[in-house]
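**Q** Protein chains in written order, with the numbering used here: chain A, 1 to 209; chain B, 1 to 209; chain C, 1 to 209; chain D, 1 to 209.
Positions of the beta carbon are idealized from the N, C-alpha and C atoms, including for glycine.
Number of protein chains: 4
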Amino acid sequence: MEYNEKQVQIIETAEQLFATNGFEGTSVRDIAQNAGVNIAMISYYFGSKEKLMEAIFVYRIGYTRLKIESMLKDTVLSPTQKIEKIVDSYIEKMMGNQCFYRLMAQEQHVREMQNISELVFQSKFLNTEMVRKIVQEGQKNGEFKKNIDVVMLMATMIGTANHFIMQQNYYRRLNNMLDMSEEDFQKHVKRKLGNHLKNLFKATLTHEA
Amino acid sequence: MEYNEKQVQIIETAEQLFATNGFEGTSVRDIAQNAGVNIAMISYYFGSKEKLMEAIFVYRIGYTRLKIESMLKDTVLSPTQKIEKIVDSYIEKMMGNQCFYRLMAQEQHVREMQNISELVFQSKFLNTEMVRKIVQEGQKNGEFKKNIDVVMLMATMIGTANHFIMQQNYYRRLNNMLDMSEEDFQKHVKRKLGNHLKNLFKATLTHEA
Amino acid sequence: MEYNEKQVQIIETAEQLFATNGFEGTSVRDIAQNAGVNIAMISYYFGSKEKLMEAIFVYRIGYTRLKIESMLKDTVLSPTQKIEKIVDSYIEKMMGNQCFYRLMAQEQHVREMQNISELVFQSKFLNTEMVRKIVQEGQKNGEFKKNIDVVMLMATMIGTANHFIMQQNYYRRLNNMLDMSEEDFQKHVKRKLGNHLKNLFKATLTHEA
Amino acid sequence: MEYNEKQVQIIETAEQLFATNGFEGTSVRDIAQNAGVNIAMISYYFGSKEKLMEAIFVYRIGYTRLKIESMLKDTVLSPTQKIEKIVDSYIEKMMGNQCFYRLMAQEQHVREMQNISELVFQSKFLNTEMVRKIVQEGQKNGEFKKNIDVVMLMATMIGTANHFIMQQNYYRRLNNMLDMSEEDFQKHVKRKLGNHLKNLFKATLTHEA
DNA sequence: GATGAATGAGGATTCATTCAT
DNA sequence: AATGAATGAATCCTCATTCAT
Chain A
1 MEYNEKQVQI IETAEQLFAT NGFEGTSVRD IAQNAGVNIA MISYYFGSKE
51 KLMEAIFVYR IGYTRLKIES MLKDTVLSPT QKIEKIVDSY IEKMMGNQCF
101 YRLMAQEQHV REMQNISELV FQSKFLNTEM VRKIVQEGQK NGEFKKNIDV
151 VMLMATMIGT ANHFIMQQNY YRRLNNMLDM SEEDFQKHVK RKLGNHLKNL
201 FKATLTHEA
Chain B
1 MEYNEKQVQI IETAEQLFAT NGFEGTSVRD IAQNAGVNIA MISYYFGSKE
51 KLMEAIFVYR IGYTRLKIES MLKDTVLSPT QKIEKIVDSY IEKMMGNQCF
101 YRLMAQEQHV REMQNISELV FQSKFLNTEM VRKIVQEGQK NGEFKKNIDV
151 VMLMATMIGT ANHFIMQQNY YRRLNNMLDM SEEDFQKHVK RKLGNHLKNL
201 FKATLTHEA
Chain C
1 MEYNEKQVQI IETAEQLFAT NGFEGTSVRD IAQNAGVNIA MISYYFGSKE
51 KLMEAIFVYR IGYTRLKIES MLKDTVLSPT QKIEKIVDSY IEKMMGNQCF
101 YRLMAQEQHV REMQNISELV FQSKFLNTEM VRKIVQEGQK NGEFKKNIDV
151 VMLMATMIGT ANHFIMQQNY YRRLNNMLDM SEEDFQKHVK RKLGNHLKNL
201 FKATLTHEA
Chain D
1 MEYNEKQVQI IETAEQLFAT NGFEGTSVRD IAQNAGVNIA MISYYFGSKE
51 KLMEAIFVYR IGYTRLKIES MLKDTVLSPT QKIEKIVDSY IEKMMGNQCF
101 YRLMAQEQHV REMQNISELV FQSKFLNTEM VRKIVQEGQK NGEFKKNIDV
151 VMLMATMIGT ANHFIMQQNY YRRLNNMLDM SEEDFQKHVK RKLGNHLKNL
201 FKATLTHEA
């Protein structure tokens, strides 16, 4: 679970290439070359290409949970504010790890990697439960309406954000933003996505259908 | 654009295998074997594995547009009803072509296939414009509020639905539905997804934030 | 069980190389190169290096049994003559297939290949039983003494012959035959081995210990 | 020629693995792991995998000669008894070093190792000469007949014993001894082999053909 | 004296494609 | 029109060995 400098180098290179070209579309040669290491080193450090994939997930999922959890304890925020924070947090995390989220979206490998599959399931489950508590809190104090399907809500947050990221090039082209700097575009997307999801959630959480 | 029986057989087999194992994770041998045709026939009919992928997209995208367009002309429906119909229509189509939608979600190949890329872009653009018109119609007659971001709305519909489909196994497990028959589960998903998206859209389209 | 020209070419090349350098000591590259075929053709025809090894055994063992069996039916020969014929026959066969017999002597692979293991076992069993019948015949008519251990007798015939073949270079050197032509040496060995085994068997079969 | 504790450990582990899986079928990793030493230690101590193989031969052949030689000087024994002692001695030695004898049977390596080749040649030569002297002694005192081919006699002893050892599993199966304990089976083999060879030799040494 | 890290070379196999038929 | 035979290129991985420490 602790990786040395070279291992991290390999992991991050692989993450990017897997995200771009797919797992099978990326050869260990590519990874080694891009990471500036010997080909044999990948097997040496990770055992196999598959194990390397697993290592990416361990590396990325390992330390993400705590951040959100700490927020729940912050009693100063209202449920609505908490939801907004979660949205921002998710978008922030996803934008900062686009490659990894692209990887997660290639669900075939998650499905095939038993170890990872469980890790992801647990992670999803915990996140959902966390949001469920916030929603219940909001329902108690009257901020939120009854009959809220948390699982679907999560699917909307994650699905919308993922989909948007996946088709960002389409979006750039559609809005004549092809020449915008990557940095500016990222900011734009964060604001756009954030506002949309917050509005969406506020509307659906507070208003009776 | 017109494929003979064997070509269709190959296309549909490839679609399923590509969806399940990825493009590079599927060999032409696999496809040939599953389709019950000679290996050389794939190159013979489609030129190459890549061209076969393109053929899948041509085959699937080709005749989907008309259906939705015909709906817009139906003036009996209110904007809200039209939106609901679009949601149902999208879900129905996606559920009936899960393999293909899984393929679309592996955006790397769409990105790499110039021909397809354009096809998909056009398709998305037209769909978005269609929804935009409905929204404007609803804004005119007061059913919908102002300040509606149609692009984000589309991202939410497509993203939520896709994401839900992608993680249906996770959903089954989470809700103790692992033993439910595929048919029942599909019905359940359609209703669940449909209701969620309709409520979501209604809330966000009609209520001021 | 029927191999085409190229397959036979590969099989015989592999047989020789395996015999000379061992199974693991021989690369498919070597085989392909020596057989004058493409490297991929070996996997293409035989599936794998291991399967090729099996093919060698199937190829060689397949049609050897009949020859000896036909001899048993020949009632003109006395048991002693039959034994002598078997000795000659074995030596002849072994000398003509030294590579294969060298392969058989590398018992690790026979042990590891289930299919072959059984084939070899059956072959050995049948040969032993055949000799057993001849011995019993000889015991009945008084030519041979009682208390003959056929299994050990077989071990002596096979073991002596094999061992002699294996160390033929040692023998050449010991007897100043390094310059003798291969052909002459083969003849010499056949006579030498034949006489030795026949004398050995005659002595042990006819004289009480 | 003198090996420290760790070297002996490596040698004996390698001997066993080489015997079981062949030289090329055994990796230095396997040896290091089984011997419980660092991988680099093998190159460090022996220079290379090949040199390690040589070391095994040096280690085993080095101190075997003396034992038999001392026997020749014992004038109390008759030639027949001496031959019998040699048979027992050989079987005993071989049974106690089955791995090594298996190695010797893989003659390709002996052939390839110049140093070892010579060592083995000398060893064989000396043993043969020793037996020749005993035979001559027996011929002088009338115990043995004339016209005895000592080289072939040696081939029979070594070949029969080796072959029997090599196919002990076949023998176990043939005689329903698959469940017999290793210890019991070893005893059985020693007696069986010993009696057979002694009878064989007695018959062939004493009776005119 | 001993070893963990690292690597170039080579291992077997699979791949998509071609071509003669 | 359709295909069995064949192949060059590329796949992942393991190998024995080296070297700095």
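#1: Check each candidate in B/G142, B/E137, B/M94 and name the one with the smallest Cα separation from B/G194.
#2: Could you work out which residues of chain C lie near D/A105, taking near to mean beta carbons separated by less than 7 Å?
#3: Can you name the start and end residues of the alpha helix (DSSP H) that D/Q186 belongs to?
#4: Is it buried or exposed, B/R102, if we count other Cβ atoms within 10 angstroms and call 16 or more buried?
#5: With the cut-off set at 8 Å, would you say C/I213 and C/F201 are in Cβ contact?
#6: Identify each residue in the stretch 129-156 of chain C for which the Cβ-Cβ distance to at least one residue of chain D is less than 8 Å, and report them in chain order.
#7: Flag this pair as yes or no: are the beta carbons of C/A161 and D/A203 separated by less than 8 Å?
#8: Would you kindly work out how many angstroms separate the C-alpha atoms of D/F245 and C/A155, rounded to a whole number?
#9: Determine, using beta carbons only, whether B/L174 comes closer than 8 Å to chain A.
#10: Would you please verify whether the beta carbon of B/Y170 is less than 8 Å from any beta carbon of chain A?
#11: Under three-state DSSP, which class holds B/M210?
#12: With DSSP run on the structure shown, which of helix, strand or coil describes C/T160?
#13: Using the beta-carbon of each residue, which ones in chain B are nearer than 7 Å to A/L163?
#14: Verify whether the separation of the beta carbon atoms of C/N34 and C/L17 is less than 8 Å.
#15: I want to check one thing, is the minimum distance from the CB of B/F100 to the heavy atoms of the ligand ATP below 7 Å?
#16: By DSSP, does A/S89 sit in helix, in strand, or in coil?
#17: Would you mind reading off the limits of the alpha helix (DSSP H) that contains D/N263?
#18: D/N21 versus chain C: which residues are under 7 Å apart at the beta carbon?
#19: Please report whether the beta-carbon of C/F121 lies at a distance below 8 Å from any beta-carbon of chain D.
#20: Determine which residues of the stretch 5-34 of chain D have a Cβ less than 9 Å from any Cβ of chain C, and write them out in chain order.
#21: If contacts are defined as beta-carbon pairs under 8 Å, then B/Q106 and A/Q106 qualify, I think. What distance do you get, rounded to the angstrom?
#22: So, with DSSP's three-state summary, where would you put A/G142?
#23: To the nearest angstrom, report how far apart D/K146 and C/G159 are at their CA atoms.
#24: Count the other C-beta atoms from every protein chain shown that fall within 10 angstroms of the C-beta of D/A40, then say buried if there are 16 or more, exposed otherwise.
#25: To the nearest whole angstrom, what separates the beta carbons of C/Y59 and C/I10, a pair I think is in contact under 8 Å?
#26: Suppose contacts are defined by Cβ-Cβ distances below 8 Å. Is B/Q108 in contact with A/N97 by that definition?
#27: So, is the C-beta of A/T204 closer than 8 Å to a C-beta in chain B?
#28: What are the complete beta strand (DSSP E) segments, minimum 3 residues, inside the stretch 92-138 of chain B?
#29: Check the Cβ-Cβ distances between D/H196 and every residue of chain C, and say whether any is below 8 Å.
#30: Take C/K85 as the anchor and find which of C/M104, C/L174, C/E24, C/M157 has the nearest alpha-carbon.
#31: Where does B/L52 fall in DSSP's three states?
#32: So, with DSSP's three-state summary, where would you put A/V37?
#33: If you draw a straight line from the C-alpha of A/G138 to the C-alpha of B/M113, how long is it?
#34: Keeping to the same chain, check which residues put their C-beta closer than 7 Å to that of D/V76; ignore five residues upstream and five downstream.
#35: With 8 Å set as the bound, which would you pick, yes or no: does the beta-carbon of C/L200 sit closer than that to a beta-carbon of chain D?
**A** Straight from the coordinates:
#1: Start at 1 with the first residue of the second sequence, and residue 194 of chain B comes out as number 194. When only C-alpha atoms are compared, the closest one is B/M94.
#2: Locating residue 105 of chain D in the fourth sequence gives position 105, where the first residue counts as 1. Going along chain C in sequence order, the residues near D/A105 (Cβ under 7 Å) are A105.
#3: Locating residue 186 of chain D in the fourth sequence gives position 186, where the first residue counts as 1. Taken as a continuous stretch (DSSP letters only), the alpha helix (DSSP H) holding D/Q186 covers 182-206.
#4: Within the second sequence, the letter at position 102 stands for residue 102 of chain B. Per the 10 Å Cβ criterion, buried.
#5: Residue 213 of chain C lies beyond the stretch modelled for chain C, which goes from 1 to 209, so this question has no answer here.
#6: D149, V151, M152, A155, T156
#7: Within the third sequence, residue 161 of chain C is the residue found at index 161, counting from 1. Within the fourth sequence, residue 203 of chain D is the residue found at index 203, counting from 1. Cβ atoms of C/A161 and D/A203: not closer than 8 Å.
#8: The requested residue 245 of chain D does not occur in the structure, where chain D is confined to residues 1 to 209.
#9: Locating residue 174 of chain B in the second sequence gives position 174, counting from the first residue. Yes, B/L174 lies at the interface with chain A (some Cβ there is under 8 Å from its Cβ).
#10: As a position in the second sequence, residue 170 of chain B is number 170, starting the count at 1. Judged by the 8 Å Cβ criterion, B/Y170 is in contact with chain A.
#11: Because chain B is modelled from 1 through 209, residue 210 of chain B falls outside the range shown and cannot be assessed.
#12: By one-based count along the third sequence, residue 160 of chain C stands at place 160. Note: C/T160 maps to helix in three-state DSSP.
#13: As a working mapping, residue 163 of chain A is identified with position 163 in the first sequence. Note that residue 163 of chain A is His in the sequence shown, not Leu. Those within 7 Å of A/H163 in chain B are A155, I158, G159, N162.
#14: Working through the third sequence from its first residue, we reach residue 34 of chain C at position 34. Working through the third sequence from its first residue, we reach residue 17 of chain C at position 17. In contact: C/N34 and C/L17 (Cβ atoms closer than 8 Å).
#15: The ligand ATP is absent from the structure shown, which contains no ligands of any kind.
#16: Taking the first residue of the first sequence as position 1, residue 89 of chain A is located at position 89. Helix at A/S89.
#17: Beyond the ends of chain D as shown, which are 1 and 209, falls residue 263 of chain D; an answer cannot be given.
#18: Here the question's residue 21 of chain D lines up with position 21 in the fourth sequence. Neighbours of D/N21 on chain C, chain order: Q108.
#19: As a working mapping, residue 121 of chain C is identified with position 121 in the third sequence. Chain D, which has a Cβ nearer than 8 Å to the Cβ of C/F121, makes this yes.
#20: A19, T20, N21, G22, F23, E24, G25, T26
#21: For the purposes of this step, residue 106 of chain B is identified with residue 106 of the second sequence, where counting begins at 1. For the purposes of this step, residue 106 of chain A is identified with residue 106 of the first sequence, where counting begins at 1. Going by Cβ atoms, the distance from B/Q106 to A/Q106 rounds to 7 Å, so yes, they are a contact pair.
#22: Counting from one through the first sequence, the residue named residue 142 of chain A turns up at place 142. Coil, per DSSP.
#23: Taking the fourth sequence and counting its residues from 1, the one referred to as residue 146 of chain D is at position 146. Taking the third sequence and counting its residues from 1, the one referred to as residue 159 of chain C is at position 159. For D/K146 and C/G159, the distance between alpha carbons rounds to 25 Å.
#24: Taking the fourth sequence and counting its residues from 1, the one referred to as residue 40 of chain D is at position 40. Burial call: exposed.
#25: Mapped onto the third sequence, residue 59 of chain C falls at position 59. Mapped onto the third sequence, residue 10 of chain C falls at position 10. Between C/I10 and C/Y59 the Cβ distance is about 10 Å, and since that is not below 8 Å, they are no contact.
#26: Taking the second sequence and counting its residues from 1, the one referred to as residue 108 of chain B is at position 108. Taking the first sequence and counting its residues from 1, the one referred to as residue 97 of chain A is at position 97. No; because the gap between Cβ atoms is not below 8 Å, this pair is not in contact.
#27: Within the first sequence, the letter at position 204 stands for residue 204 of chain A. True, the Cβ-Cβ gap to chain B drops below 8 Å.
#28: none
#29: Taking the fourth sequence and counting its residues from 1, one reaches residue 196 of chain D at position 196. For D/H196, the answer is yes, since a Cβ of chain C falls inside 8 Å of its Cβ.
#30: By 1-based counting over the third sequence, the position of residue 85 of chain C is 85. Minimum Cα distance to C/K85 is reached at C/M157.
#31: The count along the second sequence starts at 1 and reaches residue 52 of chain B at position 52. Three-state DSSP puts B/L52 in a helix.
#32: As a working mapping, residue 37 of chain A is identified with position 37 in the first sequence. If DSSP states are grouped into helix, strand and coil, A/V37 belongs with coil.
#33: Sequence index remark: in the first sequence, residue 138 of chain A carries index 138 (1-based). Sequence index remark: in the second sequence, residue 113 of chain B carries index 113 (1-based). Spanning the two alpha carbons is a distance of roughly 47 Å.
#34: Within the fourth sequence, numbered from 1, the residue matching residue 76 of chain D stands at position 76. Within the same chain, D/V76 has no close Cβ partners at all.
#35: For this step, residue 200 of chain C is matched to residue 200 along the third sequence. True, the Cβ-Cβ gap to chain D drops below 8 Å.
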